[in-house]
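Taking the working numbering, I'd label the letters of the sequence shown as residues 15 to 384.
Ideal Cβ placement from N, Cα and C applies to all residues, glycine included.
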Amino acid sequence: GDIEVLATYFDILGKRKRSAHIKRDIELYNNYISAAFSLGFGGKDFNLHVIDMVDRCQDMYIHTIDDDFTKTSMNLEGFSSSRELVYAIVVSEKSKRLTVVFRGSVNGNDWVTNLSGTMTNFGLPGFTSESTSDLKENYGRVHMGFYRYLFGKTKVGNNGSNKSKGEEIMGILCSLLENECKGFSVFVTGHSIGGALSTMFAFRAALNGDLPIVTNVSFASPYVGDQGFRDHFYKLEKENKIRHLRIANDEDAVPLILPAFPAVKDLLPELEMYKHTGMNIRLYNHDQVLMPKCRLFYPKEGSWPNEVRNAVLNSIPSGLSVGVIGKHLCPEYFSRLASAEKELKRITVEGLYQDVHITGWEVGTYKAFK
15 GDIEVLATYF
25 DILGKRKRSA
35 HIKRDIELYN
45 NYISAAFSLG
55 FGGKDFNLHV
65 IDMVDRCQDM
75 YIHTIDDDFT
85 KTSMNLEGFS
95 SSRELVYAIV
105 VSEKSKRLTV
115 VFRGSVNGND
125 WVTNLSGTMT
135 NFGLPGFTSE
145 STSDLKENYG
155 RVHMGFYRYL
165 FGKTKVGNNG
175 SNKSKGEEIM
185 GILCSLLENE
195 CKGFSVFVTG
205 HSIGGALSTM
215 FAFRAALNGD
225 LPIVTNVSFA
235 SPYVGDQGFR
245 DHFYKLEKEN
255 KIRHLRIAND
265 EDAVPLILPA
275 FPAVKDLLPE
285 LEMYKHTGMN
295 IRLYNHDQVL
305 MPKCRLFYPK
315 EGSWPNEVRN
325 AVLNSIPSGL
335 SVGVIGKHLC
345 PEYFSRLASA
355 EKELKRITVE
365 GLYQDVHITG
375 WEVGTYKAFK
């Protein structure tokens, strides 16, 4: 009867659900997930296939999940600017790790946000109240849609607050690290728009001197900010406050859809240029016989040849191919990561950042901007 339905509903939404329960829920309720929503994560068959990954960390649990004011694209409200992003905070007691996860593009407003490519000042902290809205420091220029999604004023939620999602997450993280999760590491991740949001939030978290080093692992992320943003990102990298591993499929157009070629800025000074950050692991189709499984790229500071090479590889023509949509979705990323597993196990994020030949600098060598 209705009581059983409500009991099941609240069981699915129950907090602190451990990995075994998450796996059970997906197996039991997979057929009830809407086709449009499921496709955004690779389809029902893929979802059932990858849930075995939760067995790798059976003590993991979801501490917080926020999907207030979100709608599907089947509902016209899903295209409303009042719709908000979705995130979760996951705790692994065994690994002593906190992970902030941002959902990728699923509903209409996610895609509207993706296309809001005009830049705005990256003012931090994000919105907390009207009285503090002007107390911000600027860290370059960033994608306006992503910035507003993460650091703009929100609707009043179940907790009675309208502070930005970014500042809300910061509050939860700091509380966890001060109490039940002392000594835990901090990871931030996401796919597609979730990848871009993860980089913005990782930067915000790294500014907090009380947090441990923040590791950002983004997948299929579009561009986030300009050279000014990248310069501030360099600063945090050199101070060993942040590390960014940016995973992107070769021929995935999403990470390439905004201006990237450096010479254009000289011809059109008024045009603001987007720049990627972090260690880029580019994954190749295993059917491409003459190509490696993966390659590493980093925007080495002050290296013009490196800049030109990266700009050409990060331009839209390099992302044009047959089946371009499929190359952006999770199943293709999962397949290529599995194919390159042997090569990827030979490297570590720490090792990459300690290699002066890759970065052009040593950790701890930051000097103030001139």
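- In this structure, methionine 133 and arginine 155 form a Cβ contact; the two beta carbons are roughly 4 Å apart against a cut-off of 8 Å.
- By the Cβ neighbour-count rule, lysine 169 is exposed, with fewer than 16 other Cβ atoms within 10 Å of its own.
- Between the region 300 to 316 and the region 336 to 356, the count of Cβ pairs shorter than 8 Å is three or higher; the stretches touch.
- Following the DSSP letters along the chain, one finds arginine 296 inside the beta strand (DSSP E) bounded by residues 293 to 297.
- Membership of threonine 142 in any beta strand (DSSP E) is not indicated, and neither H nor E is assigned to it by DSSP.
- In this structure, valine 100 places its C-beta atom within 8 Å of the C-beta atom of aspartate 81.
- Straight through space, the alpha carbons of lysine 167 and serine 178 are spaced by roughly 5 Å.
- Nearest to tyrosine 161 by C-alpha distance, out of Val370, Leu211 and Ser175, is Leu211.
- Sequence-distant Cβ neighbours of threonine 229 in its own chain, meaning closer than 6 Å and more than five residues away, are Phe201 and Arg257.
- Counting C-beta pairs with one atom in each stretch, the region 286 to 296 and the region 241 to 249 have three or more that are closer than 8 Å, which means they touch.
- Excluding the 5 residues flanking it on each side, cysteine 195 has same chain C-beta neighbours closer than 7 Å at Val105 and Leu112, in chain order.
- Counting only the Cα atoms, arginine 360 lies some 43 Å from threonine 142.
- Around glutamine 368, the same chain offers no residue with a beta carbon nearer than 6 Å, after the five sequence neighbours per side are excluded.
- Within the same chain, Val68, Asp69, Cys71, Gln72, Asp73, Met74 and Tyr75 come within 8 Å of serine 33 by CB-CB distance, once the 5 residues on both sides are set aside.
- Annotation for tyrosine 248: the continuous alpha helix (DSSP H) segment containing it runs 241 to 252.
- Between the alpha carbons of proline 319 and glycine 374 lies a gap of roughly 13 Å.
- If you keep only unbroken alpha helix (DSSP H) runs of at least 4 residues inside the region 169 to 248, you get 179 to 192 and 207 to 221.
- Looking at Ala262, Glu346 and Asn152, the one whose alpha-carbon comes closest to that of tyrosine 312 is Ala262.
- Nearest Cα to glycine 378 within the set Glu253, Glu41, Gly316 and Arg218: Glu253.
- One alpha carbon belongs to glutamate 315, the other to alanine 219, and they sit about 23 Å apart.
- The continuous beta strand (DSSP E) containing leucine 112 extends over residues 111 to 116.
- Counting only residues of its own chain and dropping the five nearest sequence neighbours on each side, asparagine 222 has a CB closer than 8 Å to the CB of Met184 and Cys188.
- Per DSSP, cysteine 344 is not a residue of any beta strand (DSSP E); the alpha helix (DSSP H) it occupies stretches across 344 to 353.
- In summary, valine 370 is exposed, with fewer than 16 beta-carbon neighbours lying within 10 Å of its beta-carbon over all protein chains present.
- A distance below 6 Å between beta-carbons, with the five flanking residues on each side excluded, links isoleucine 339 to no residue of its chain.
- Just so you know, the alpha carbons of phenylalanine 136 and asparagine 152 end up roughly 5 Å apart.
- Residue pairing by DSSP places asparagine 263 opposite Leu297 in a beta bridge.
- Boundaries of the beta strand (DSSP E) harbouring glycine 154: 151 to 157, taken from the DSSP string.
- Closest by C-alpha distance to valine 114, out of Ala102, Asp264 and Lys108, is Ala102.
- Assigned with DSSP and collapsed to three states, valine 105 falls in strand.
- Closest by C-alpha distance to glutamine 302, out of Lys110, Ser199 and Asp264, is Asp264.
- The beta-carbon distance between phenylalanine 247 and leucine 164, rounded to whole angstroms, is 16 Å. This is too long to meet the 8 Å contact definition.
- Comparing C-alpha distances from threonine 78 to each of Leu190, Pro139, Tyr46 and Thr146 shows the shortest one belongs to Leu190.
- Residue environment analysis places tyrosine 237 among the buried positions, since at least 16 neighbouring C-beta atoms fall within 10 angstroms of its C-beta.
- Within a 10 Å sphere around the beta-carbon of histidine 342 sit 16 or more other beta-carbons, which makes this residue buried.
- The residues His205, Phe233, Ala234, Ile261, Asn263 and Leu297, in chain order, have a CB closer than 8 Å to that of tyrosine 347 in the same chain once the five nearest residues on each side in sequence are set aside.
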